[in-house]
Structures are given as structure tokens and as C-alpha cells.
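S.K.: Under the numbering used here, the very last position in the sequence shown is 200; numbers go up by exactly one each time. All residues carry an ideal CB built from backbone N, CA and C; glycine is no exception. In this text, all values refer to a predicted model and were calculated from it rather than measured experimentally.
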Amino acid sequence: MTSLRASSSVRFSLPLFAAAVAFYSACLVSMSDARKQGSCNNKVLPCGPPSFTFYLHNTVYNPAVDNKDNFNSIYGLPPNISFPNPYTFGVMNTFEEPITSGPSNTSAPLGKAQGFYLLNSFNEYTLFHVFTANITEGDYKGTIAIFGQVREVDPVRYLTVIGGTGAFLGARGLAKNRLIDIDHAPPAKWTMSFELDLYY
Ligand SMILES: *[C@@H]1O[C@H](CO)[C@@H](O)[C@H](O)[C@H]1NC(C)=O
Ligand SMILES: *[C@@H]1O[C@H](CO)[C@@H](O)[C@H](O)[C@H]1NC(C)=O
Ligand SMILES: *[C@@H]1O[C@H](CO)[C@@H](O)[C@H](O)[C@H]1NC(C)=O
1 MTSLRASSSV
11 RFSLPLFAAA
21 VAFYSACLVS
31 MSDARKQGSC
41 NNKVLPCGPP
51 SFTFYLHNTV
61 YNPAVDNKDN
71 FNSIYGLPPN
81 ISFPNPYTFG
91 VMNTFEEPIT
101 SGPSNTSAPL
111 GKAQGFYLLN
121 SFNEYTLFHV
131 FTANITEGDY
141 KGTIAIFGQV
151 REVDPVRYLT
161 VIGGTGAFLG
171 ARGLAKNRLI
181 DIDHAPPAKW
191 TMSFELDLYY
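1. Relative to the alpha-carbon of Asn-85, which residue among Thr-160, Leu-119, Glu-97, Thr-106 has its alpha-carbon at the smallest distance?
2. Which residues in the same chain as Pro-79 place their Cβ atom closer than 8 Å to its Cβ, once the five residues preceding and following it in sequence are excluded?
3. Would you mind listing the beta strand (DSSP E) stretches within the region 102-164 that are 3+ residues and don't spill past its ends, in chain order?
4. Should Pro-187 go down as buried or exposed, given a rule of 16 or more other Cβ atoms within 10 Å for buried?
5. Helix, strand or coil for Ala-185, going by three-state DSSP, please let me know.
6. Is it buried or exposed for Leu-77, if we count other Cβ within 10 angstroms and need 16 for buried?
7. If you draw a straight line from the C-alpha of Asn-70 to the C-alpha of Pro-63, how long is it?
8. State the DSSP-derived secondary structure class of Ala-175, mapped to helix, strand or coil.
9. I think Ala-145 touches Gly-164, with their Cβ atoms under 8 Å apart; what is that distance to the nearest whole Å?
10. Since Ser-73 and Tyr-61 are thought to touch, with beta carbons under 8 Å apart, how far apart are those beta carbons, to the nearest angstrom?
11. In chain order, what residues of the same chain have a beta carbon less than 8 Å from the beta carbon of Thr-94, not counting five sequence neighbours either side?
12. Using only the heavy atoms of ligand 2, determine whether one of them is closer than 7 Å to the beta carbon of His-184.
13. Buried or exposed: where does Ala-108 fall if 16 or more other Cβ atoms within 10 Å of its Cβ makes it buried?
14. Please work out which residues of its chain come closer than 7 Å, Cβ to Cβ, to Leu-179, disregarding the five sequence neighbours upstream and downstream, and give them in chain order.
15. Per DSSP, which residues does Pro-98 bridge with? Please list them.
16. Per DSSP, what kind of secondary structure is Phe-52 in: helix, strand or coil?
17. Asn-80: beta carbon under 7 Å from a heavy atom of ligand 1?
18. Taking Cβ positions, are Phe-168 and Tyr-140 nearer each other than 8 Å?
19. Measuring from the CB of Thr-143, is there a heavy atom of ligand 3 at a distance below 7 Å?
20. Figure out for me which residue from Val-161, Phe-128, Phe-131 has the closest Cα to the Cα of Ser-201.
21. Kindly examine ligand 3 and report whether one of its heavy atoms sits closer than 7 Å to the Cβ of Thr-59.
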């Protein structure tokens, strides 16, 4: 009985096995087609640094003091409206700021940050940031793409790392932001830290 059942299961499974082989080969063919078409997504990212901290130094251009030789960010035109706009909703600041490894503007340079923030609240100061940190000095070189809201009243702001190149290729993660120092005397200057937790 046992051997009969065994032999019958072999007999019935042979066509199944053949079908499985045919199916598997068809999969292999379509996988290699997918590879040729560049749609394969089973590549593994190299591991970059798991954490990275940098500091941005912003000096705003202020027409009142005309600091044209000493600025790294500029506000665009305010929206043309006839009602009060106390938090300058809709105004963009474009920047190209030095990045350092420490909080002082004389700390070791790491590169520069290029991007913008948009004031996007009617009720308070919120600065929606989109920028690339281009790290050209130090152990890790590459770019880090940062995206997210800086709500001025929050002591810590959580932005996202949405990508990277070079040593930071494919990075995702969290960018913890803090205001380190601010000098309101025109032209306004401030330093912010970005502490990144990175995943690849
Ligand atoms: C602002 O809007 C008003 C009313 O539409 C218009 O007359 C004026 O030319 C606009 N100013 C600018 C700088 O576009
Ligand atoms: C660096 O910071 C000091 C102190 O706030 C300031 O006097 C100096 O102008 C700054 N240097 C640059 C290059 O921004
Ligand atoms: C980063 O800066 C370096 C040096 O200026 C430059 O060669 C490179 O193209 C920059 N990368 C980006 C994405 O701007």
C-alpha cells in the first residue's frame, strides 16, 4: 500500500513538476526581461553613515543695511495683497549657506546648503524647507536631500531626509533641527543644527 501510494504520487507529481519547471523558467525569462528594461529593484544600497550632524549659518540680505557683500539668503517679493499679512505668508527665502561641522561659523567647513524655505502659515512663523546639503569635506562626501517644516516655536523640529547621493546614496531618515543662535540686529543672522538619523 505504502509503495503504491508513493508510486502513484510520483506518477501524479511528474506532470506537476514539469509544469513547475516550465513556470520557473518563464519567470526567469521575464525577470531577465525586467532587468533589461531596468525595472528590477532588488539592488542593495551601500551603507552610509548611520548618523550625521551639521550646522547651517544664515545671514539674510536686508535692503535697509544693504549688506550686499555679506549675505547668503534673500527673501523674494511678498504676495501683492491689500490686507495684513503679519507672518509674511507666501514669501520665499532662497539660500546658499555654508555648512560647518560645529556650531561656530569658524568650525571646520563641510560644504554648502542650497535650497529655499517658504513661509506657509497665516498664524505663526513656519518655514517649510526644501534643500540639498552638499557635503564636500570630511569623511563622507555626497548630498543629502532634506524636506520638512520648521515651526519656529518648537524647540526641536523634525524634518525628513528623503534621499542622498555619494556616501549618502539612497538615505532616508529623520533630520532633527534646532536653532542654536540668533542675532536679530540687521542683517539678521542665525545658526541651526541638523542631527540626522539615516537608514539605507
Ligand atoms: C498689485 O495689485 C494691484 C491691484 O491689482 C495692482 O494695481 C498693482 O500694479 C500690483 N502691484 C504689483 C507690484 O504687481
Ligand atoms: C561669525 O560670527 C561672528 C560672531 O557672531 C561674527 O562677528 C562674524 O561676522 C561671523 N563671520 C561670518 C563669516 O559670518
Ligand atoms: C557639490 O559641490 C561640488 C563642489 O563645488 C560640486 O562639484 C558638485 O557638483 C556639487 N553637487 C551638487 C549636487 O550641487
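M.R.: Taking the structure as given:
1. As a position in the sequence shown, residue 85 is number 85, starting the count at 1. Ranking Thr-160, Leu-119, Glu-97, Thr-106 by Cα distance to Asn-85 puts Leu-119 first.
2. Numbered from its first residue, the sequence shown carries residue 79 at position 79. Counting only Cβ-Cβ distances below 8 Å, and skipping sequence neighbours, we find Asn-85, Phe-89, Gly-90, Val-91.
3. With a minimum length of 3 residues, the unbroken runs of beta strand (DSSP E) contained wholly in the region 102-164 fall at 109-119, 126-135, 142-151, 157-164.
4. Reading the sequence shown from its first residue, position 187 is the one you call residue 187. Under this definition Pro-187 is a buried residue.
5. Taking the first residue of the sequence shown as 1, we reach residue 185 at position 185. Coil, per DSSP.
6. Against the sequence shown, residue 77 aligns to sequence position 77. Result: exposed.
7. Numbered from 1 along the sequence shown, position 70 holds the residue referred to as residue 70. Numbered from 1 along the sequence shown, position 63 holds the residue referred to as residue 63. When rounded, the distance between both Cα atoms is 12 Å.
8. Here residue 175 corresponds to residue number 175 of the sequence shown, with the count starting at 1. Annotated three-state conformation of Ala-175 is strand, per DSSP.
9. To locate residue 145, count along the sequence shown from 1; it is residue 145. To locate residue 164, count along the sequence shown from 1; it is residue 164. Right, their Cβ atoms sit about 6 Å apart.
10. Translated into the one-based positions of the sequence shown, residue 73 becomes position 73. Translated into the one-based positions of the sequence shown, residue 61 becomes position 61. In this structure, Ser-73 and Tyr-61 form a Cβ contact; the two beta carbons are roughly 7 Å apart against a cut-off of 8 Å.
11. In the sequence shown, residue 94 corresponds to position 94, counting from 1. If we look at Thr-94 and ignore the five residues flanking it on each side, its Cβ neighbours are Ser-73, Ile-74, Gly-76, Gly-115, Phe-116.
12. Numbered from its first residue, the sequence shown carries residue 184 at position 184. No, ligand 2 has no heavy atom inside 7 Å of this Cβ.
13. Here residue 108 refers to the residue found at position 108 when the sequence shown is read from its first residue. By the neighbour-count rule (16 or more Cβ atoms within 10 Å), Ala-108 is not buried but exposed.
14. Here residue 179 is taken as the residue at index 179 of the sequence shown, counted from 1. Trp-190, Met-192, listed in sequence order.
15. As a first step, residue 98 is located in the sequence shown; it is residue number 98 there, counting from the start. Answer is Lys-112.
16. As a working note, residue 52 is residue 52 in the sequence shown. Looking at Phe-52 - three-state DSSP - the assignment turns out to be strand.
17. Sequence index remark: in the sequence shown, residue 80 carries index 80 (1-based). Checking the Cβ of Asn-80 against ligand 1 gives yes.
18. Mapped onto the sequence shown, residue 168 falls at position 168. Mapped onto the sequence shown, residue 140 falls at position 140. Yes, Cβ-Cβ distance for Phe-168 and Tyr-140 is below 8 Å.
19. If you number the sequence shown from 1, residue 143 lands on position 143. Using a cutoff of 7 Å, the CB of Thr-143 counts as near ligand 3, since one of the ligand's heavy atoms is closer than that.
20. Outside the displayed span of the chain (1 to 200) sits residue 201, for which this structure offers no information.
21. Within the sequence shown, residue 59 is the residue found at index 59, counting from 1. The answer is no for Thr-59.
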